[in-house]
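**Q** In my numbering, the protein residues as written are 6 to 412.
Beta carbons: idealized from backbone N, C-alpha and C, even for Gly.
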Amino acid sequence: MTWNTPAGLSAGARTGPMQADLNEALDQSGVWRFRELLPILDNFGNAVSLREGNTPMYHMTRAAKALGIDQLFAKHQGMNPTGSFKDTGMTAAMSVAKAWGFECVACASTGNTSASMAAYAARAGLRCLVLIPEGKIAWGKLSQAMDFGAVTCQLKADFDGCLRLLSQIVNEAPIYLLNSVNPYRLEGQKTPAFEIAEAFDWTVPDHLIVPGGNLGNSSALGKGFREMLELGLVARMPKISVIQAAGANPLVRSFREHQAASLEPVEAHTRATAIRIGNPASWRKAVRAIQETGGWCLDVTEAEIAIAKAEIGAEGLGCEPASAVTLAGLKKLRAEGKVASGETVVLLLTGHSLKDADYTIDFHRGTLLKEEETTGREAEIAALRRDAMAVEATPAAVLAALKGSAQ
Ligand code: F0G
6 MTWNTPAGLS AGARTGPMQA DLNEALDQSG VWRFRELLPI LDNFGNAVSL
56 REGNTPMYHM TRAAKALGID QLFAKHQGMN PTGSFKDTGM TAAMSVAKAW
106 GFECVACAST GNTSASMAAY AARAGLRCLV LIPEGKIAWG KLSQAMDFGA
156 VTCQLKADFD GCLRLLSQIV NEAPIYLLNS VNPYRLEGQK TPAFEIAEAF
206 DWTVPDHLIV PGGNLGNSSA LGKGFREMLE LGLVARMPKI SVIQAAGANP
256 LVRSFREHQA ASLEPVEAHT RATAIRIGNP ASWRKAVRAI QETGGWCLDV
306 TEAEIAIAKA EIGAEGLGCE PASAVTLAGL KKLRAEGKVA SGETVVLLLT
356 GHSLKDADYT IDFHRGTLLK EEETTGREAE IAALRRDAMA VEATPAAVLA
406 ALKGSAQ
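1) Are the CB atoms of V156 and V186 within a distance shorter than 8 Å?
2) Report the rounded CA-to-CA distance for I142 versus Q82, giving the unit in angstroms.
3) Please go through the same chain and pick out, in chain order, the residues whose beta-carbon is closer than 7 Å to the beta-carbon of A18, but skip the five residues on each side of it.
4) Less than 8 Å between the beta carbons of L160 and P188, yes or no?
5) For D206, count neighbouring Cβ atoms within 10 angstroms of its own Cβ and tell me buried if that reaches 16, exposed if not.
6) My output table needs one value for V403: the three-state DSSP class, helix, strand or coil.
7) Sorry if obvious, but does the Cβ on L220 come closer than 7 Å to a heavy atom of the ligand F0G?
8) For A311, which residues of its own chain have a beta-carbon under 7 Å away from its beta-carbon, when the five flanking residues on both sides are left out?
9) Nearest to V305 by alpha carbon, out of I317, L322, S346 and N254?
10) Flag this pair as touching only if the stretch 266-274 and the stretch 195-214 have three or more C-beta atom pairs under 8 Å; answer yes or no.
11) Give the secondary structure of G409 by DSSP, where H, G and I count as helix, E and B as strand, and everything else as coil.
12) Could you work out which residue in F90, F39, N48 and G371 is closest to E385 when comparing CA atoms only?
13) Would you tell me roughly how many angstroms separate the C-alpha atoms of A411 and G323, rounded to the nearest one?
14) Use the C-beta contact count for T399: other C-beta atoms within 10 angstroms, 16 or more gives buried, fewer gives exposed.
15) Does any C-beta atom of chain C lie closer than 8 Å to the C-beta of A52?
16) Specify the secondary structure class of D75 as computed by DSSP and reduced to three states.
17) Can S358 be considered in contact with the ligand F0G, in the sense that its beta carbon sits closer than 7 Å to one or more heavy atoms?
18) Taking just the CA atoms, how far does D361 sit from W144?
19) Between A315 and A333, is the Cβ-Cβ spacing less than 8 Å?
20) Following a CB-centred definition, is K91 positioned closer than 7 Å to any heavy atom of the ligand F0G?
21) Say whether the stretch 52-66 touches the stretch 207-215, bearing in mind that this needs 3 or more beta-carbon pairs closer than 8 Å, one atom from each stretch.
22) Count the other CB atoms within 10 Å of the CB of Q249; is the residue buried (16 or more) or exposed (fewer)?
23) Cα-Cα, which of E232, E177 and I317 is closest to L43?
24) From N219 to V101, what distance separates their C-alpha atoms?
25) What do you reckon, are the CB atoms on A265 and V330 nearer than 8 Å?
26) Determine contact between the stretch 219-228 and the stretch 279-292, defined as no fewer than three beta-carbon pairs at a distance below 8 Å.
27) If you scan the stretch 239-311 from start to end, which runs of the beta strand (DSSP E) of 3 or more residues do you find wholly inside it?
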């Protein structure tokens, strides 16, 4: 079965062997296998897929033990085709772009959306324009946009500025906007909620913890669980908590200072560049997801993010910095008594660890954090660091290094 070949996949071909082939192909995607719940396409022959979704759920044994919560899991959305959760939304929205006959798609991005959009646009045969904040996205993500053939513009603006500019551009030219304000993105991005419920045999975990940037993802997952509840597929929704970086925390401030009734943009700063966003587009929908499920919204420091990321690495899973806010946030929630030991908790890891290898290397070399950021946590950080050692090329030297590292 080949994908994205219009031949034989026309609207009329709803029965017979071709339809069977199409169904088989759609069923291999963790998004399109839920197509009855996605009011997106009249003709599924337009689906542009890289076999996204169907991501693994891992038991986080070490973190579970350290936190005294037995049932702690990571749903690893970094195991998608382009290495981030964006693929589940992108397959949906790119399919719509193709079905509607657009020739060019565009997004502003902190990196992952652009990597994902570039890949799906290439599969669909569409041109693609990427606006990114200069010097503020991880190389792994930029390299993907280049590799997949995007027209990439690095702007002297932050993410919020890039998005503002793009909103003007799409008003003037027939370009389809693929940021998460696009409703079809959220349709695709709600499907991990279905997979989580499926993994728990259509019960739901007590608590789902998600990083917050532009806040499309928390909104989409809330929608997914809400729809399952309305359909009677599950009996309740999990608490959905959103965690932001302390330097990019407009939603946290909104809860703290305005009871989430209004949001004041902030100038965002964090090394977790994926969530370096000061004016999140989907904040109202995220507030709804948090409030209707009884979840929390809190922020974590740069040191807390770096430590949590190293701990997720030490589990053999790894993730990018923005994803690690989930574990850092859980630690805080646990310390504040907001998560009980008997609860089932799922962390949504949004991006693959190779997306931002520089961050990881800087952490292990001890050059990531400034002294004032690590005060009081030096021992904790030292215990996690695993810098590469320069060792003489002899068995004795290598064995000595191994022995030394065990002490
Ligand atoms: N984690 C990662 C790895 C991300 O790339 C993003 C967002 C988020 C979390 C936050 O998700 O925006 O739905 O709240 N990245 C966007 C991008 C903004 O352009 O790649 P959100």
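**A** For this structure:
1) In the sequence shown, counting from the first residue as 1, residue 186 sits at position 181. In the sequence shown, counting from the first residue as 1, residue 156 sits at position 151. Their beta carbons are not under 8 Å apart, which means V186 does not touch V156 by this criterion.
2) For the purposes of this step, residue 142 is taken as the residue at position 137 of the sequence shown. For the purposes of this step, residue 82 is taken as the residue at position 77 of the sequence shown. When rounded, the distance between both Cα atoms is 19 Å.
3) As a first step, residue 18 is located in the sequence shown; it is residue number 13 there, counting from the start. Confidence in A18 is poor, its pLDDT being 44 and thus under 50, which makes the residue's placement too unreliable to answer from.
4) Within the sequence shown, residue 160 is the residue found at index 155, counting from 1. Within the sequence shown, residue 188 is the residue found at index 183, counting from 1. Not closer than 8 Å, so no.
5) Translated into positions along the sequence shown, residue 206 becomes position 201. With fewer than 16 Cβ atoms within 10 Å of its Cβ, D206 is classed as exposed.
6) What you label residue 403 is simply residue 398 of the sequence shown in a count that begins at 1. Reduced to three states, the DSSP call for V403 is helix.
7) Start at 1 with the first residue of the sequence shown, and residue 220 comes out as number 215. L220 has its CB nearer than 7 Å to a heavy atom of the ligand F0G.
8) By one-based count along the sequence shown, residue 311 stands at place 306. Once the five neighbours on either side are set aside, the close Cβ partners of A311 are F368, L373 and L374.
9) As a working note, residue 305 is residue 300 in the sequence shown. It is N254 whose Cα lies nearest to the Cα of V305.
10) no
11) Within the sequence shown, the letter at position 404 stands for residue 409. G409 falls in the helix class under three-state DSSP.
12) The residue you call residue 385 lines up with position 380 of the sequence shown. It is G371.
13) For the purposes of this step, residue 411 is taken as residue 406 along the sequence shown, with counting starting at 1. For the purposes of this step, residue 323 is taken as residue 318 along the sequence shown, with counting starting at 1. Rounded to whole angstroms, A411 to G323 spans 22 Å at the Cα level.
14) Start at 1 with the first residue of the sequence shown, and residue 399 comes out as number 394. With fewer than 16 neighbouring CB atoms inside 10 Å of its own CB, T399 falls in the exposed class.
15) The displayed structure is made up of one protein chain only, and chain C is not part of it.
16) To locate residue 75, count along the sequence shown from 1; it is residue 70. DSSP places D75 in coil when its eight states are reduced to three.
17) Here residue 358 refers to the residue found at position 353 when the sequence shown is read from its first residue. Not under cutoff, so the answer is no.
18) Along the sequence shown, read from residue 1 onward, the residue named residue 144 stands at position 139. Along the sequence shown, read from residue 1 onward, the residue named residue 361 stands at position 356. Straight-line Cα distance between these residues: approximately 7 Å.
19) Here residue 315 corresponds to residue number 310 of the sequence shown, with the count starting at 1. Here residue 333 corresponds to residue number 328 of the sequence shown, with the count starting at 1. Going by C-beta atoms, A315 is not nearer than 8 Å to A333.
20) Position 86 of the sequence shown, counted from the start, is the residue given in the question as residue 91. Checking the Cβ of K91 against the ligand F0G gives yes.
21) Segment contact: the stretch 52-66 against the stretch 207-215, fewer than three CB-CB distances shorter than 8 Å; contact not assigned.
22) Indexing the sequence shown from 1 puts residue 249 at position 244. Buried, because 16 or more other Cβ atoms sit within 10 Å of the Cβ of Q249.
23) In the sequence shown, residue 43 corresponds to position 38, counting from 1. It is E232.
24) To locate residue 219, count along the sequence shown from 1; it is residue 214. To locate residue 101, count along the sequence shown from 1; it is residue 96. Taking the straight line joining both Cα atoms gives about 22 Å.
25) One-based indexing of the sequence shown puts residue 265 at position 260. One-based indexing of the sequence shown puts residue 330 at position 325. Cβ atoms of A265 and V330: not closer than 8 Å.
26) yes
27) 244-250 and 302-305
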